[in-house]
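One line per chain: the protein sequences are Y and D, in this order.
So the first sequence is numbered by the working numbering: it starts at 1 and just counts up by one.
So the second sequence is numbered by the working numbering: it starts at 1 and just counts up by one.
Number of protein chains: 2
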Amino acid sequence: MEIALLGGTGDIGEGLALRWARDTDHTVVVGSRDSEKATHRADDYRTLLDERGVEHDVIGVDNETATERADVVVLSVPPEYAVSTVETVSNGLTSDDVLVSPAVSMDRDGAGFHATPPEDGSVAQAVAGAAPDVPVVGAFQNLAAGALSDLDTELRTDTVVTGDDPEATALVRSLAEEIDGLRALDGGPLAVTALVESVTPLLINLAMNNEGMHDLGVRFQ
Amino acid sequence: MEIALLGGTGDIGEGLALRWARDTDHTVVVGSRDSEKATHRADDYRTLLDERGVEHDVIGVDNETATERADVVVLSVPPEYAVSTVETVSNGLTSDDVLVSPAVSMDRDGAGFHATPPEDGSVAQAVAGAAPDVPVVGAFQNLAAGALSDLDTELRTDTVVTGDDPEATALVRSLAEEIDGLRALDGGPLAVTALVESVTPLLINLAMNNEGMHDLGVRFQ
């Protein structure tokens, strides 16, 4: 299977790319608006995985090409670019693809971070509005980017997967669980994704306010 | 110290009463609108703790008397009664007391449970608006009532404590951590409590959608 990470050159995209490349046989397609940046970043990821003696299959291309190739497209871009990125790559999307929304909209004031969901209710629902013919799945919102991209960190964390297409959500849950130490839980339909997205600012507030806590994830038990 | 649980005859109030009675030397004051109901319920709790050979100090009185006696007052009532309960007991509240808000406002539709915070932003902030002279602390929102009130269940769960008065939040964190297996984290000021309250409908959705998961709590790690 080919998994594209649009915006796969930064933050959560880097960690997902490295983990999928290390832990699975899938082809990881690092996408960027700038194909040269994508190529360079894919080189970096390959070097890092080579140093660990890990077999991998990572390529870097522009977002449009990444979308055309891939079966699963992860929108690992900042939330304000989620909808515009979908619009940019829409020619490459078909109803057989799965679009994954890991972005979270939040802002910060003196009290800390707050959730600032878009009018649609959640970033995932805004993405679904922009791609009405493609199954959209919410996932990976609550993973700590730092822990994810540090392959020496053993994960023991959950991701909540939401969506309205049972096949698509099952596929994303399965891809998530192929990452060592990641457990994927069924959060229900896309309409309740706001609850998942709002865990992320909570995690940041907890990291800010509690000594010794950083790169926090969440575990439901 | 005396801890009052207003609405301590049901749900989360029962579990907190039993756990504090079992795990600490504090006086647990079970409050209810109906003093007879409070007395009976306190009897039940004492019987249950006696059967376990646990020393305890539990009494049952009406909410007003409970508030007058107690140093810490937990509003373990349904969210729609949180503000009216504060108004009822306000004569017994002083600025030396601490008011704790564990309630969560949510509703359910076909997709599952959603957070429905009041206009103030969170139940805790609505409570603070109704008791402007008393330090208000948000805590205990994400505990599973079933697990909490079953003393055979070993907790291994977190509660996020929010508030604007450092002494009051420190006191509530300390009381929370006196319950075996409960870890209290600093969530920041009261203004970010909505993030904590919205974890509760997420926990219920996860319990509904994932086989073998029930009485879920949350752990940040």
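For glycine and all other residues, C-beta sits at the position ideal for the given N, C-alpha and C.
Check your understanding: Who are the near neighbours of A103(D) in its chain, counting only those whose CB is closer than 7 Å to its CB and skipping five residues on each side?
Key -> Looking up residue 103(D) in the second sequence gives position 103. Hits under 7 Å: L75, V77, P78, P79, A82, V123.
Check your understanding: Does the Cβ of P132(D) have 16 or more other Cβ atoms within 10 Å, making it buried, or fewer, making it exposed?
Key -> Your numbering for residue 132(D) matches position 132 in the second sequence. It is exposed - the Cβ of P132(D) has fewer than 16 other Cβ atoms within 10 Å.
Point to revise | Expected contact under 8 Å - CB spacing of H56(Y) and R22(Y) to nearest Å | key: By 1-based counting over the first sequence, the position of residue 56(Y) is 56. By 1-based counting over the first sequence, the position of residue 22(Y) is 22. At roughly 7 Å, the Cβ-Cβ gap stays under 8 Å, so H56(Y) and R22(Y) are in contact.
Practice item. Could you please give me the residues that DSSP links to T159(Y) through a beta bridge? Key: As a first step, residue 159(Y) must be located in the first sequence, where it is residue number 159. DSSP, once it has assigned bridges, lists A184(Y) as partnering T159(Y).
Point to revise | Beta-carbon proximity check, A4(Y) vs A70(Y), cutoff 8 Å | key: Locating residue 4(Y) in the first sequence gives position 4, counting from the first residue. Locating residue 70(Y) in the first sequence gives position 70, counting from the first residue. Yes. Within cutoff.
Practice item. Taking V160(Y) and A111(D) to be in contact with their CB atoms under 8 Å, please state how far apart those CB atoms are, rounded to whole angstroms. Key: Residue 160(Y) sits at position 160 when you count from the first residue of the first sequence. Residue 111(D) sits at position 111 when you count from the first residue of the second sequence. At roughly 14 Å, the Cβ-Cβ gap does not stay under 8 Å, so V160(Y) and A111(D) are not in contact.
Exercise for review: Answer yes or no: does any C-beta atom of chain Y fall closer than 8 Å to that of R173(D)?
Suggested key: Position 173 of the second sequence, counted from the first residue, corresponds to residue 173(D). Closer than 8 Å: no.
Practice item. Let me know the secondary structure DSSP gives A115(Y) once reduced to three states. Key: For this step, residue 115(Y) is matched to residue 115 along the first sequence. Correct three-state label for A115(Y): strand.
Check your understanding: Skipping 5 residues on each side, what residues in its chain have a beta carbon closer than 8 Å to that of G181(D)?
Key -> Here the question's residue 181(D) lines up with position 181 in the second sequence. For G181(D), where only same-chain residues beyond five positions count, the Cβ hits under 8 Å are E154, L155, R156, T157.
Practice item. Establish whether the CB of P201(Y) and some CB of chain D are separated by less than 8 Å. Key: As a first step, residue 201(Y) is located in the first sequence; it is residue number 201 there, counting from the start. It does: the Cβ of P201(Y) has a partner Cβ on chain D nearer than 8 Å.
Point to revise | Beta-carbon spacing of I12(Y), L148(Y) below 8 Å | key: Taking the first residue of the first sequence as position 1, residue 12(Y) is located at position 12. Taking the first residue of the first sequence as position 1, residue 148(Y) is located at position 148. In this structure, L148(Y) lies closer than 8 Å to I12(Y) by Cβ.
Review point. Along the chain, where does the beta strand (DSSP E) that runs through I3(D) open and close?
Key: The residue given as residue 3(D) occupies position 3 in the second sequence. 2 to 6 is the span of the beta strand (DSSP E), which, as asked, contains I3(D).
Review point. According to the neighbour-count rule (16 or more other Cβ atoms, all chains shown, within 10 Å of its Cβ), is N229(D) buried or exposed?
Key: The requested residue 229(D) does not occur in the structure, where chain D is confined to residues 1 to 221.
Practice item. Could you tell me which residues DSSP puts in a beta bridge with M106(Y)? Key: In the first sequence, the residue the question calls residue 106(Y) occupies position 106. DSSP, once it has assigned bridges, lists A115(Y) as partnering M106(Y).
Exercise for review: Give a yes or no on whether the minimum CB-CB distance between V61(D) and chain Y is below 8 Å.
Suggested key: The count along the second sequence starts at 1 and reaches residue 61(D) at position 61. No, V61(D) does not count as interfacial toward chain Y.
Check your understanding: If you draw a straight line from the alpha carbon of R41(D) to that of T9(D), how long is it in whole angstroms?
Key -> What you label residue 41(D) is simply residue 41 of the second sequence in a count that begins at 1. What you label residue 9(D) is simply residue 9 of the second sequence in a count that begins at 1. Distance between the alpha carbons of R41(D) and T9(D) is about 6 Å.
Practice item. Pick helix, strand or coil for D44(Y), following the three-state DSSP scheme. Key: Position 44 of the first sequence, counted from the start, is the residue given in the question as residue 44(Y). Of the three classes helix, strand and coil, the one that applies to D44(Y) here is helix, per DSSP.
Point to revise | Counterpart residues of V29(D) in DSSP-defined beta bridges | key: Your numbering for residue 29(D) matches position 29 in the second sequence. Note: V29(D) sits in a beta bridge opposite A4(D), I59(D).
**Study point:** D44(D) versus L195(Y) - alpha carbon distance
**Key:** One-based indexing of the second sequence puts residue 44(D) at position 44. One-based indexing of the first sequence puts residue 195(Y) at position 195. One C-alpha to the other measures close to 37 Å.
Check your understanding: Which partner residues does R219(D) have in the DSSP bridge list?
Key -> Here residue 219(D) is taken as the residue at index 219 of the second sequence, counted from 1. Per DSSP, R219(Y).
Exercise for review: Tell me G146(D)'s beta-bridge partners as DSSP assigns them.
Suggested key: In the second sequence, counting from the first residue as 1, residue 146(D) sits at position 146. Answer is none; G146(D) lacks a bridge partner.
**Study point:** Chain-ordered residues of the region 129 to 150 of chain Y with a beta carbon less than 8 Å from chain D
**Key:** none
**Study point:** V123(Y): first and last residue of the uninterrupted alpha helix (DSSP H) it sits in
**Key:** The residue you call residue 123(Y) lines up with position 123 of the first sequence. Per DSSP, V123(Y) belongs to the alpha helix (DSSP H) from 123 to 130.
Point to revise | Reference V134(D), options V86(D), D107(D), D152(D), A115(D), closest by Cα | key: The residue you call residue 134(D) lines up with position 134 of the second sequence. Ranking the options by Cα distance to V134(D), first place goes to V86(D).
Review point. Under 9 Å Cβ-Cβ, which residues of chain Y neighbour A115(D)?
Key: Along the second sequence, one-based indexing puts residue 115(D) at 115. By Cβ distance, chain Y contributes A194, L195, S198.
Review point. Assuming T169(D) contacts D186(D) under a Cβ cut-off of 8 Å, what Cβ separation, rounded to an integer in Å, is found between them?
Key: For this step, residue 169(D) is matched to residue 169 along the second sequence. For this step, residue 186(D) is matched to residue 186 along the second sequence. About 7 Å; that satisfies the 8 Å criterion.
Point to revise | Where N205(D) meets chain Y, residues with beta-carbon distance less than 8 Å | key: Translated into positions along the second sequence, residue 205(D) becomes position 205. By Cβ distance, chain Y contributes G187, G188, V192, L195.
Check your understanding: Between L206(Y) and L190(Y), which are expected to be in contact by the criterion C-beta below 8 Å, what is the C-beta distance as a whole number of angstroms?
Key -> Position 206 of the first sequence holds residue 206(Y). Position 190 of the first sequence holds residue 190(Y). Contact doesn't hold; Cβ gap of about 26 Å is too wide.
Check your understanding: From which residue to which residue does the alpha helix (DSSP H) around L233(D) run?
Key -> Coverage of chain D is limited to positions 1 through 221, which leaves residue 233(D) absent and any answer about it impossible.
Review point. Is the CB of G217(Y) under 8 Å away from at least one CB in chain D?
Key: Taking the first sequence and counting its residues from 1, the one referred to as residue 217(Y) is at position 217. Yes, its Cβ sits closer than 8 Å to a Cβ of chain D.
**Study point:** Backbone secondary structure at V77(D) - three-state DSSP
**Key:** Taking the first residue of the second sequence as 1, we reach residue 77(D) at position 77. It is coil, neither helix nor strand.
Point to revise | Counted within 10 angstroms of its Cβ, other Cβ atoms place P166(D) as buried (16 or more) or exposed | key: The count along the second sequence starts at 1 and reaches residue 166(D) at position 166. Flag for P166(D) reads exposed.
Review point. If the cut is a Cβ gap below 9 Å, which residues of chain Y does D156(D) touch?
Key: Numbered from its first residue, the second sequence carries residue 156(D) at position 156. Here the sequence assigns Arg to residue 156(D), which means Asp is not the residue at that position. Here the neighbours are Q221.
Check your understanding: Which word fits H214(Y), buried or exposed, when buried means at least 16 other C-beta atoms lie within 10 angstroms of its C-beta?
Key -> Locating residue 214(Y) in the first sequence gives position 214, where the first residue counts as 1. Counting Cβ neighbours within 10 Å, H214(Y) comes out exposed, since fewer than 16 surround it.
Exercise for review: Taking only beta carbons into account, state which residues of the region 81 to 95 of chain Y come closer than 9 Å to chain D, listed in chain order.
Suggested key: none
Point to revise | Residues bridged to S101(Y) [DSSP beta-bridge criterion] | key: Your numbering for residue 101(Y) matches position 101 in the first sequence. Beta-bridge pairing links S101(Y) to G138(Y).
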